[in-house]
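Residue numbers (our numbering), protein chains in the order written: chain A, 3 to 490; chain B, 309 to 759; chain C, 4 to 106.
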Amino acid sequence: MTSLRDAPADVTARYEMVVGLEVHVQLRTHTKAFCSCDTTYGAPPNVNTCPVCLALPGALPALNREAVHLAMRAAHALGCTVNPVSVFARKNYFYPDLPKGYQISQYDRPLALGGRLDIGDGDAARTVGITRVHMEEDAGKSIHDRYPGATAIDLNRAGVPLIEIVSEPDMRSSPDAVAYLTALKQILEYIDVSDVSMEEGSLRVDANVSARLLGATALGTKTEVKNMNSFSGVQRALEAEFERQCALLERGERVHQQTMLWDGARNEVRPARSKEASHDYRYFPEPDLPPLVLDPQWIDEVRRELPELPRVRRARFAREYGLAGADVGVLTATPALADYFEAAAKAHGDAKAAANWVMGEVLAALNTSSNSVKTFRVPPASLARLLDLVREGVVSHSAAKRVFALMAETGDTPERVAEREGLVQVRDADELARWVDEVLAEHPAEAGRFRAGEKKLLGVLVGLVMKKSKGRADPRRVNQLLSERAGG
Amino acid sequence: MTGPTAVESVTASFARMEAVRAGADGLNCVLWSDRERAPLAGYPVAVKDNIATLDLPTTCGSRILEGYVSPYEATVVSRLRAAGSVVLCKTNCDEFAMGSSNENSAYGPVRNPIDPCRVPGGSSGGSAAAVAAGIVRIALGSETGGSVRQPAAFCGVVGVKPTYGRVSRFGLVAFASSLDQVGVLGRTVDDAALGMEVIAGRDPYDSTSADRPVPRYRDAASQPMRGLTIGRPAEYFPPSLDRRVAALCDRALDALRSQGAQVRDISLPHTDLAIPVYYIIAPAEASSNLARFDGVRYGLRVTGDDGLRAMYERTRSRGFGPEVTRRVLLGTYVLSAGYYDAYYKKAQEVRACITEDFRSAFASGIDVIFTPTTPSPAFELGAKSDPYEMYLNDIFTCTGNLAGVPGISVPIGRVDGLPIGGQLITRHFDEAGMFAAAYALERALGDEAHR
Amino acid sequence: MAVTRDDVAHIAGLARLAISDERMTELVGQLNAILAHMEVLRQVDTRHVEMTAQDGSQRLPMRPDAGPPIAMHRALDEIAPDMRDGFFLVPRLATHEDVSDAS
Numbered sequence: 003m004t005s006l007r008d009a010p011a012d013v014t015a016r017y018e019m020v021v022g023l024e025v026h027v028q029l030r031t032h033t034k035a036f037c038s039c040d041t042t043y044g045a046p047p048n049v050n051t052c053p054v055c056l057a058l059p060g061a062l063p064a065l066n067r068e069a070v071h072l073a074m075r076a077a078h079a080l081g082c083t084v085n086p087v088s089v090f091a092r093k094n095y096f097y098p099d100l101p102k103g104y105q106i107s108q109y110d111r112p113l114a115l116g117g118r119l120d121i122g123d124g125d126a127a128r129t130v131g132i133t134r135v136h137m138e139e140d141a142g143k144s145i146h147d148r149y150p151g152a153t154a155i156d157l158n159r160a161g162v163p164l165i166e167i168v169s170e171p172d173m174r175s176s177p178d179a180v181a182y183l184t185a186l187k188q189i190l191e192y193i194d195v196s197d198v199s200m201e202e203g204s205l206r207v208d209a210n211v212s213a214r215l216l217g218a219t220a221l222g223t224k225t226e227v228k229n230m231n232s233f234s235g236v237q238r239a240l241e242a243e244f245e246r247q248c249a250l251l252e253r254g255e256r257v258h259q260q261t262m263l264w265d266g267a268r269n270e271v272r273p274a275r276s277k278e279a280s281h282d283y284r285y286f287p288e289p290d291l292p293p294l295v296l297d298p299q300w301i302d303e304v305r306r307e308l309p310e311l312p313r314v315r316r317a318r319f320a321r322e323y324g325l326a327g328a329d330v331g332v333l334t335a336t337p338a339l340a341d342y343f344e345a346a347a348k349a350h351g352d353a354k355a356a357a358n359w360v361m362g363e364v365l366a367a368l369n370t371s372s373n374s375v376k377t378f379r380v381p382p383a384s385l386a387r388l389l390d391l392v393r394e395g396v397v398s399h400s401a402a403k404r405v406f407a408l409m410a411e412t413g414d415t416p417e418r419v420a421e422r423e424g425l426v427q428v429r430d431a432d433e434l435a436r437w438v439d440e441v442l443a444e445h446p447a448e449a450g451r452f453r454a455g456e457k458k459l460l461g462v463l464v465g466l467v468m469k470k471s472k473g474r475a476d477p478r479r480v481n482q483l484l485s486e487r488a489g490g
Numbered sequence: 309m310t311g312p313t314a315v316e317s318v319t320a321s322f323a324r325m326e327a328v329r330a331g332a333d334g335l336n337c338v339l340w341s342d343r344e345r346a347p348l349a350g351y352p353v354a355v356k357d358n359i360a361t362l363d364l365p366t367t368c369g370s371r372i373l374e375g376y377v378s379p380y381e382a383t384v385v386s387r388l389r390a391a392g393s394v395v396l397c398k399t400n401c402d403e404f405a406m407g408s409s410n411e412n413s414a415y416g417p418v419r420n421p422i423d424p425c426r427v428p429g430g431s432s433g434g435s436a437a438a439v440a441a442g443i444v445r446i447a448l449g450s451e452t453g454g455s456v457r458q459p460a461a462f463c464g465v466v467g468v469k470p471t472y473g474r475v476s477r478f479g480l481v482a483f484a485s486s487l488d489q490v491g492v493l494g495r496t497v498d499d500a501a502l503g504m505e506v507i508a509g510r511d512p513y514d515s516t517s518a519d520r521p522v523p524r525y526r527d528a529a530s531q532p533m534r535g536l537t538i539g540r541p542a543e544y545f546p547p548s549l550d551r552r553v554a555a556l557c558d559r560a561l562d563a564l565r566s567q568g569a570q571v572r573d574i575s576l577p578h579t580d581l582a583i584p585v586y587y588i589i590a591p592a593e594a595s596s597n598l599a600r601f602d603g604v605r606y607g608l609r610v611t612g613d614d615g616l617r618a619m620y621e622r623t624r625s626r627g628f629g630p631e632v633t634r635r636v637l638l639g640t641y642v643l644s645a646g647y648y649d650a651y652y653k654k655a656q657e658v659r660a661c662i663t664e665d666f667r668s669a670f671a672s673g674i675d676v677i678f679t680p681t682t683p684s685p686a687f688e689l690g691a692k693s694d695p696y697e698m699y700l701n702d703i704f705t706c707t708g709n710l711a712g713v714p715g716i717s718v719p720i721g722r723v724d725g726l727p728i729g730g731q732l733i734t735r736h737f738d739e740a741g742m743f744a745a746a747y748a749l750e751r752a753l754g755d756e757a758h759r
Numbered sequence: 004m005a006v007t008r009d010d011v012a013h014i015a016g017l018a019r020l021a022i023s024d025e026r027m028t029e030l031v032g033q034l035n036a037i038l039a040h041m042e043v044l045r046q047v048d049t050r051h052v053e054m055t056a057q058d059g060s061q062r063l064p065m066r067p068d069a070g071p072p073i074a075m076h077r078a079l080d081e082i083a084p085d086m087r088d089g090f091f092l093v094p095r096l097a098t099h100e101d102v103s104d105a106s
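Take a look at the structure:
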């Protein structure tokens with residue numbers, strides 16, 4: 003037993019954080035999980051409702067096939083085994099934004115079990131086990147601050163399909179948790195099943211946290227932390243809760259299993275409720291929905307249809323295009339950017355040049371505009387064409403940046419922009435020769451010294467020709483011509 | 309509650325009749341000649357008040373839905389209208405179909421047209437009474453544990469509970485989802501067969517409705533009984549059974565023999581467990597199904613000045629009657645932490661045994677099972693005050709709901725002037741065989757069925 | 004397994020039913036009487052029972068991801084007890100903390 007006197011100043015120093023995450027993800031379907039109402043975000047209140055999602059007397063659920071498809075896709079991408087038979091269950095509790103008084107979810111027979119997610123790089127790399135992926139429906143929204151003394155209920159979101167992804171308690175720090183969420187979000191973006199926006203609520207995170215003495219193997223008592231609305235919020239909430247638990251343990255007190263709410267503004271966690279601590283959801287199989295029996299062929303087909311996942315894509319980019327690790331990370335951050343790069347690289351042929359342009363000009367242009375890769379006005383083929391023009395010497399490198407900026411503005415082809423702006427390099431031998439001869443004639447002293455072998459004047463003369471051509475001359479050709487005039 | 313005056317009631321009834329007549333006139337022109345497309349043209353139908361209709365309230369016999377008019381229509385009602393029918397009226401029922409006497413309605417009891425001192429049975433008591441009184445030839449009811457067959461027996465009419473999944477439940481206000489089915493009450497087997505033909509079949513809005521073809525049930529009228537074997541389960545004929553009821557059953561079995569059927573004694577060994585199983589599963593599902601009546605989106609709301617939880621509790625306590633309250637509590641209890649395995653899970657396992665009883669009986673060469681529908685005829689209003697004694701009314705019918713098999717109650721005679729029903733049960737989705745036996749029984753008994 | 008007043012009070016709370024004291028006494032008695040009849044199930048050996056769907060052939064149908072939704076023939080404010088600006092209104096939750104109930 004260490005005495006308190008020996009305890010380090012930092013109460014957390016002797017402890018290890020153990021974290022498991024429960025992530026809710028809205029699936030991007032056109033209609034809700036159990037009725038044909040629109041799922042579009044931002045409609046006027048209660049417009050996207052029908053007898054089913056309003057829980058009118060007598061209404062019954064009918065499952066959306068696409069929700070199952072997307073849920074399976076996510077389960078496969080996380081390496082889970084999709085169960086050929088899973089069962090929907092009712093989770094019973096009263097809340098005004100839960101119209102039926104129960105949530106249709108899955109309980110003891112979920113859609114998929116036993117996956118894994120690789121997170122982090124290098125020394126920080128680790129694997130987090132995925133316990134399960136199950137399907138459920140979202141609740142509506144309760145708005146507490148709009149009308150005095152009343153809570154306003156909007157059921158547009160009620161019934162939107164969700165998956166819950168439950169991890170094993172395999173994370174050991176708050177950065178681990180953020181790395182997990184980052185990797186998870188990236189995978190879900192790659193497989194295109196969700197908008198995965200924590201701000202818009204299409205990705206929501208609850209954390210199970212416990213603390214144990216370093217070297218201990220048994221798990222400590224966990225608490226559930228809720229109400230985080232950004233990745234950094236998750237990180238700060240985990241640290242705050244870990245510190246709270248460590249302080250309790252240092253004082254010889256016990257951690258109580260309870261729900262804690264994160265208050266981002268105050269940077270603190272506090273217990274969710276004091277009374278009626280125990281939930282009793284009275285789960286039982288949903289009698290309105292027979293077991294979900296999935297055709298093994300369909301399960302296979304969905305797995306085979308999975309696109310290339312981030313980790314595989316990163317390895318391939320490094321291998322095929324000879325790119326450095328950091329560059330690969332930037333280029334594969336989102337599937338859209340990775341696709342953009344790859345299309346440009348393939349069309350142009352020089353992957354390094356394409357990578358430099360995508361990481362430089364393209365990302366800068368995207369960051370300063372409201373465009374996404376998909377709506378960006380320079381398609382990868384146009385970028386590739388611009389790079390071709392640079393390589394061919396039709397456009398100088400510096401002129402190309404101006405051409406690109408104008409392409410992003412107008413959506414025009416590089417040829418047209420360069421033409422219109424007079425940025426095409428002049429390579430016409432006669433014209434170049436005339437400019438060179440005029441410069442030599444106008445500067446006889448320098449010309450004489452240059453002809454006499456003073457090579458360092460070459461730069462000055464090239465500059466003069468470029469000036470005369472208003473930047474349109476191809477500097478390499480000018481160089482060549484001047485050298486010829488000097489007698490080789 | 310102050311109800312309408314007699315004059316108001318009668319005026320409202322006549323207004324409704326006029327509206328229905330106008331509808332029928334319209335149909336006359338278009339559909340009267342096309343009996344195939346509109347087999348119900350000219351049949352006004354009464355619909356139990358737990359089935360959603362657009363132009364009449366749907367209250368489920370409950371104060372919590374007083375005045376509620378559904379913004380959508382049940383699939384069965386749409387099908388009735390598509391077949392040329394008109395909904396004449398909604399019929400009173402036990403609150404949320406929980407009851408066997410129709411005494412549990414917030415809007416007062418229904419009386420038995422055969423003897424107004426007696427109950428019509430329940431929970432589809434209003435529908436049974438409307439048919440027995442000759443107001444309509446066909447009425448829709450709903451079944452969870454016998455709520456069509458039992459009142460049909462008490463009122464001397466025909467009542468059908470189809471196979472679970474045969475008829476859409478979309479728009480039927482749920483009591484116990486794994487047991488509920490819409491049923492038909494009719495003056496004759498033919499009326500019931502006609503009604504069932506119209507409402508049966510797959511509905512994409514009900515995920516438990518079966519995608520199977522629906523035969524023309526009226527064709528069963530001419531099907532011979534010769535070569536068929538009727539099973540007589542010993543458990544439905546206990547020594548304690550009223551011997552006058554037993555005698556009517558014997559007469560009915562003789563009538564079926566006279567049509568060429570054989571009768572064989574069989575056993576359905578788990579029958580005596582049906583009531584305990586039923587009164588765990590049905591309340592458990594009900595406790596969840598009735599959670600939506602929370603005063604938030606529709607129906608009654610009773611507020612105080614003390615927040616949301618008090619609103620919930622006041623609304624539900626004021627809105628639900630004593631039987632509904634009792635069953636919601638019972639159902640909440642059997643699903644709650646620590647009790648689920650002992651009650652709900654166990655009940656589901658025993659339910660599987662009950663289903664297996666039927667399966668093995670039919671597998672052993674039995675085509676139709678015959679039982680009394682109820683152990684005794686209609687009782688007097690107020691005669692049964694103990695809840696469990698009331699539950700025993702469903703003793704011969706709830707097995708069919710638990711197993712999901714179809715059943716029909718046909719009048720087989722009277723005791724002290726009160727109707728007694730005989731029940732015919734067949735295998736899953738064999739309504740055609742069930743109707744064939746019912747037609748045969750009705751034909752063989754003739755007028756004796758009502759003596 | 005006999006239910007106590009506390010048990011009934013607890014489940015009444017879960018079911019959001021307010022039960023008066025005198026009603027409580029009556030209900031405890033009735034529920035115990037009903038539950039006593041359920042005891043018979045304990046004696047049934049169900050170890051061999053396989054739990055399957057009702058007739059084994061049932062599987063969940065799936066619908067296409069498309070509209071239109073089931074039509075509403077009546078506006079929400081015709082059926083709702085209290086609406087404003089398109090929202091259903093309910094009395095405010097007693098405490099913010101109750102929000103977690105919705106987990």
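Ideal placement from N, C-alpha and C gives every residue a C-beta, glycine not left out.
Which residue comes first and which comes last in the beta strand (DSSP E) that contains residue i?
i: B/Ile446; result: Ile446 to Glu451
i: B/Gly491; result: Gln489 to Gly494
i: B/Thr679; result: Val676 to Pro680
Counting only Cβ pairs nearer than 8 Å, list the residues of chain C close to residue i.
i: A/Pro47; result: Asp88, Gly89 and Phe90
i: B/Pro512; result: Pro64 and Arg66
i: A/His258; result: None at all; the shortest Cβ gap to chain C is about 15 Å.
My guess is that residue i and residue j are in contact by the Cβ rule of under 8 Å, so how many angstroms apart are they, rounded?
i: A/Ala167; j: A/Val27; result: Per the sequence shown, residue 167 of chain A should be read as Ile rather than Ala. That pair is a contact at about 7 Å.
i: A/His399; j: A/Val392; result: 6 Å
i: B/Ser517; j: B/Ser476; result: 5 Å
i: A/Ile330; j: C/Arg62; result: A small fix is needed here, since residue 330 of chain A is Val in this sequence, not Ile. Going by Cβ atoms, the distance from A/Val330 to C/Arg62 rounds to 45 Å, so no, they are not a contact pair.
Counting only Cβ pairs nearer than 7 Å, list the residues of chain A close to residue i.
i: C/Pro72; result: Cys37, Ser38, Cys39 and Cys52
Looking at the unbroken alpha helix (DSSP H) that takes in residue i, where does it start and where does it end?
i: A/His136; result: Run containing A/His136: none in the alpha helix (DSSP H); it sits in the beta strand (DSSP E), Arg128 to Glu139.
I want to verify the contact list: residues of chain B whose CB lies under 7 Å from the CB of residue i, in sequence order.
i: C/Ala21; result: Glu621, Arg622 and Ser625
i: A/Asp282; result: Ser644 and Ala645
What in chain B is Cβ-close to residue i, meaning under 8 Å?
i: A/Ala57; result: Arg600 and Arg605
Chain A partners of residue i, CB-CB under 9 Å?
i: B/Thr633; result: The contacting residues do not exist; B/Thr633 stays about 16 Å from chain A at best.
Starting from the beta carbon of residue i, find every residue of chain A whose beta carbon is closer than 8 Å, and list them in chain order.
i: C/Ala69; result: His32, Thr33 and Ser38
The region 88-119 of chain A: which residues have C-beta closer than 7 Å to a C-beta of chain B, in chain order? Arg92, Asn94, Phe96, Pro98, Pro101, Lys102, Gly103 and Tyr104
Mind listing which residues of the region 400-419 of chain B have their C-beta closer than 9 Å to chain C's C-betas, in chain order? none
Enumerated in chain order, which unbroken segments of the alpha helix (DSSP H) with a length of 4 residues or greater are wholly contained in the region 646-671 of chain B? 654-671
Enumerated in chain order, which unbroken segments of the alpha helix (DSSP H) with a length of 4 residues or greater are wholly contained in the region 52-99 of chain A? 67-79
Contact set between the region 59-89 of chain A and chain B, restricted to residues whose Cβ is under 9 Å from the partner: Pro59, Gly60, Ala61, Leu62, Pro63, Ala64 and Leu65
So if I threshold CB-CB distances at 7 Å, which residues from the region 288-301 of chain A count as touching chain B? Pro289, Asp290, Leu291 and Pro292
What residues from the region 616-629 of chain B come within 7 Å of chain A, judged by C-beta to C-beta, listed N to C? Leu616 and Tyr620
Using a Cβ-Cβ cut-off of less than 9 Å, list which residues of the region 145-168 of chain A approach chain C; keep chain order. Ile145, His146, Arg148, Tyr149, Pro150, Gly151, Ala152, Thr153, Ala154, Ile155, Asp156 and Leu157
With 9 Å as the C-beta to C-beta threshold (strictly closer), list the residues of the region 331-348 of chain A near chain B in chain order. none
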